[in-house]
């Protein structure tokens, strides 16, 4: 596997079913491939802060016996220019072309974390930074969250649903929830994209105006009626995102969308999911996230499992 | 051992005498347990800068064959909310409940570094941040310095005194010394607490108004006469702290308290100690810290030894 | 080898010819000494951001089986005082004497990255920070770039020229090029110093006023005529530096000195080199750096090779 940036990279290769099987096997026996990454170096470049991604990917590499080198762009390293053809007489000190190629020279696999700028929709949705990085690095690249997707999170989400489901085809509801800051659509996009290919009944719900990009929700059941959506749900996945149109704007902070005990009562004893970090009592009440139905911690723990599975596929491709 | 936050965690377990014996053994043979931490991951979360703690704990883990993952809260990672029940619509991005639980899911042992805020005495002395972290992480936790104690430092101090003492029961003087900034009481509290349980004659000296919290100095010989305190001392431990009442205030920067050659002449050829980093010519003169009686570097080196001993106890508890 | 701060540390020891041979051997077989650094710890202290140096040195240590601990002074750690005898009642929190000695207590080899302050020429050219660090650390020290030299870069440059030369004694041109910020002379000084001892014909070219320090260019062919310098060149090494006199000033941002296709046409099909990070379309045009004659990426890759060779020499000295 040469790149892991969306579910399509699995669909085009090992297949989603095989990937789930392999991930569950790592969840059971984390050390079973502890020599696979011997003499291999995984470089992780963060353009944004991160707790889960940073730690889980390091842990996953370690479980496979690979070395990790972590770099924070901007503090540890230089500020990166991503535009082509520009005269670099301003504040950016290195072009992503060189940064990617040099990191590719030092490492066998690279991971890149970047966020949506939320100002230029076309730029963000073309995944300019991630694609340039892939183009110039010369080695397999894992998205550690990009402008429009968070595939390691979505893969972990799918594994979590697989582990906790009690019916063959559970009803999974992705619900928008309020947040004080403008957030990217990446997690919501990515979750939707993965669930479309999984054996689940997916419903997406959000206030008017928060429609996700058509390329992600085409064919998906979407409603502005949160209560209706939650009815009979087996999994409730809460997440905030900013509007796609006007791009990156906050249209509402309506706390009637906060996932509360009353909302959860509408479901079929649903499990509560969130990718974390979560704003308590904005996205979800203390009562719900602290309840036994909350699986946010096992969900976060599965970030190791998804990263390990993807790293293993890439390491096998290097041999 | 499930937690290491004060001397009591040793007193309630292995005992101080055994701990010193084990620490001295690691000082002699650092690699003797190099497989004890195989397949184990130690996560270190820093809410404040650190040189000794960061490096010595990484080194200690490495000597035991364990992996380390280091995270700087706020720069690498998210800013943490520590209050319960709050509506998180402000600047903090993740609750310590989730951060601790997720780190506990990725790591076998966690270390946490936090400082006193120095504004709310009750909050600081309840060790709110450390205790919440312990409560929610689900794994053994080491204090890498907390609001009111610095136990790995005090353990290293005790080992250093043991290595350098020339009489069975040395006189050990903890002396306040001036500093341009308001510092926590943690090192002074913790040193006092450990020395009370060690085979030493402890005297604490400081200007009027700098009394330490009663829970730490109860039963300890305390005097405002630095010269009298220093008389016949075998070890002089200099340290600044801010006032307990009014909490966190600087009452004096009186440089007549700086440890100088003249002050050291009052002692019985005492060794000079400090936890570092030290403000030269405020806490101690160049002449004293650069003299052969200064043992600040071996003292800092023993931070590896104390961390290794505590990590080893925890690793044994995991098996 | 007890220190690696300039070409002289190789000339006084293994010799330049042997060093090149050893470096080329590591380039061929990176893992051939993978046990040499067993149980050894390399500490890296960065006072400035870095991508190549940080990653390549970590990678080199890893190839030799050594542990690495990385510390960013100022963010991870404390701000350092470098002056002697000062009363530390200001903003610096730790003296370099203690920082160096403590790091030396924890690590077997240390690397230090610092930059020229560009305000006090004497202070910078005495290499005050680096020399104090060496003096107080008690262990072998590698310069990861200092105020006036960048020896791991120059060593990598020499290896790169060795790998790409097509004539026995190639013509190598170091050319000043424009940059929006005042940069140190370190890379230019160091490159000149290494090339003087290599089997190459060296020419240095820069606008009037940009003369390098006499101690570096004594006996070197220097010209203000860039076109004449480039004639028949086999390697063009572009680099910006600020003036030596008045110290640290920008005298020109003349983009007629930018290395362009037209400039490269004057050469004998020269390879283009730069230490990176590079300001595109200031130092060099996109067309040149993106051409097949650009060897900036293999040059950066050789940073692993030079670091590995130097670390191996030091590790052998420890045994």
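Protein chains in written order, with our numbering: chain X, 1 to 319; chain Y, 1001 to 1319; chain S, 2001 to 2319. Where is the CB? At the ideal position from N, CA and C, for every residue including glycine. All values derive from a computational prediction rather than experimental measurement.
Expected contact under 8 Å - CB spacing of residue i and residue j to nearest Å
| i | j | result |
| --- | --- | --- |
| residue 159 of chain X | residue 24 of chain X | 7 Å |
| residue 263 of chain X | residue 230 of chain X | 6 Å |
| residue 2102 of chain S | residue 1027 of chain Y | Going by Cβ atoms, the distance from residue 2102 of chain S to residue 1027 of chain Y rounds to 16 Å, so no, they are not a contact pair. |
| residue 150 of chain X | residue 203 of chain X | Wrong, their Cβ atoms sit about 20 Å apart, outside the cutoff. |
| residue 1055 of chain Y | residue 2069 of chain S | 5 Å |
| residue 2128 of chain S | residue 2053 of chain S | The pair is not a contact, with the Cβ atoms about 20 Å apart (cut-off 8 Å). |
| residue 2281 of chain S | residue 88 of chain X | 6 Å |
| residue 164 of chain X | residue 16 of chain X | The Cβ separation is near 18 Å, so there is no contact. |
| residue 5 of chain X | residue 118 of chain X | Wrong, their Cβ atoms sit about 19 Å apart, outside the cutoff. |
| residue 2142 of chain S | residue 2111 of chain S | 4 Å |
| residue 1001 of chain Y | residue 1140 of chain Y | 7 Å |
Beta-carbon spacing of residue i, residue j below 7 Å
| i | j | result |
| --- | --- | --- |
| residue 116 of chain X | residue 156 of chain X | no |
| residue 123 of chain X | residue 174 of chain X | no |
| residue 1137 of chain Y | residue 1090 of chain Y | no |
| residue 225 of chain X | residue 244 of chain X | no |
| residue 1235 of chain Y | residue 1195 of chain Y | no |
| residue 177 of chain X | residue 258 of chain X | yes |
| residue 66 of chain X | residue 45 of chain X | no |
| residue 2252 of chain S | residue 2180 of chain S | no |
| residue 1268 of chain Y | residue 1232 of chain Y | yes |
| residue 240 of chain X | residue 311 of chain X | no |
| residue 1093 of chain Y | residue 277 of chain X | yes |
| residue 134 of chain X | residue 3 of chain X | yes |
| residue 64 of chain X | residue 33 of chain X | yes |
| residue 1193 of chain Y | residue 1216 of chain Y | yes |
| residue 2080 of chain S | residue 2099 of chain S | yes |
| residue 2078 of chain S | residue 1071 of chain Y | no |
| residue 290 of chain X | residue 266 of chain X | no |
| residue 1061 of chain Y | residue 1304 of chain Y | no |
Counted within 10 angstroms of its Cβ, other Cβ atoms place residue i as buried (16 or more) or exposed
| i | result |
| --- | --- |
| residue 2097 of chain S | buried |
| residue 2043 of chain S | buried |
| residue 38 of chain X | exposed |
| residue 2306 of chain S | buried |
| residue 58 of chain X | buried |
| residue 2145 of chain S | buried |
| residue 1319 of chain Y | exposed |
| residue 2205 of chain S | buried |
| residue 185 of chain X | buried |
| residue 2153 of chain S | buried |
| residue 2167 of chain S | exposed |
| residue 316 of chain X | exposed |
| residue 2246 of chain S | exposed |
| residue 242 of chain X | buried |
| residue 126 of chain X | exposed |
| residue 95 of chain X | buried |
| residue 209 of chain X | exposed |
| residue 2308 of chain S | buried |
| residue 11 of chain X | exposed |
| residue 35 of chain X | exposed |
Near the ligand MG: residue i beta-carbon under 6 Å from a heavy atom
| i | result |
| --- | --- |
| residue 31 of chain X | With respect to small molecules bound, the structure shown includes none, and the ligand MG cannot be examined in it. |
query: Of all the alpha helix (DSSP H) runs that stay within the bounds of the segment 147-210 of chain X, which reach a length of 4 or more residues?
result: 151-164 and 186-196
- prompt: Taking a cut of 7 Å between CB atoms, which residues from the segment 1079-1095 of chain Y lie near chain S?
  reply: none
message: For the segment 1021-1045 of chain Y, list every residue whose C-beta sits within 8 Å of some C-beta in chain X, in sequence order.
response: 1039, 1041 and 1043
field: Unbroken stretches of the alpha helix (DSSP H), 4 residues or longer, contained in the segment 2266-2292 of chain S
entry: 2286-2289
- prompt: Which residue spans inside the segment 45-84 of chain X form an unbroken beta strand (DSSP E) run of at least 3?
  reply: 67-72
message: For the segment 1101-1128 of chain Y, list every residue whose C-beta sits within 9 Å of some C-beta in chain X, in sequence order.
response: 1101, 1102, 1103, 1104, 1105, 1106 and 1107
Interfacial residues, the segment 2273-2295 of chain S to chain X, with Cβ spacing under 7 Å: 2276, 2277, 2278, 2279, 2280, 2281, 2282 and 2286
message: Threshold first: 4 residues or longer. Then list the alpha helix (DSSP H) segments lying entirely within the segment 213-254 of chain X, N to C.
response: 214-217 and 226-230
field: Contact set between the segment 1206-1238 of chain Y and chain S, restricted to residues whose Cβ is under 9 Å from the partner
entry: none
task: Could you list the residues in the segment 297-312 of chain X with a C-beta less than 7 Å from some C-beta on chain Y, going in chain order?
output: 297, 300, 301 and 304
message: Closer than 9 Å between beta carbons: that is the criterion. Which residues of the segment 1175-1197 of chain Y meet it against chain S?
response: 1178, 1179, 1180 and 1181
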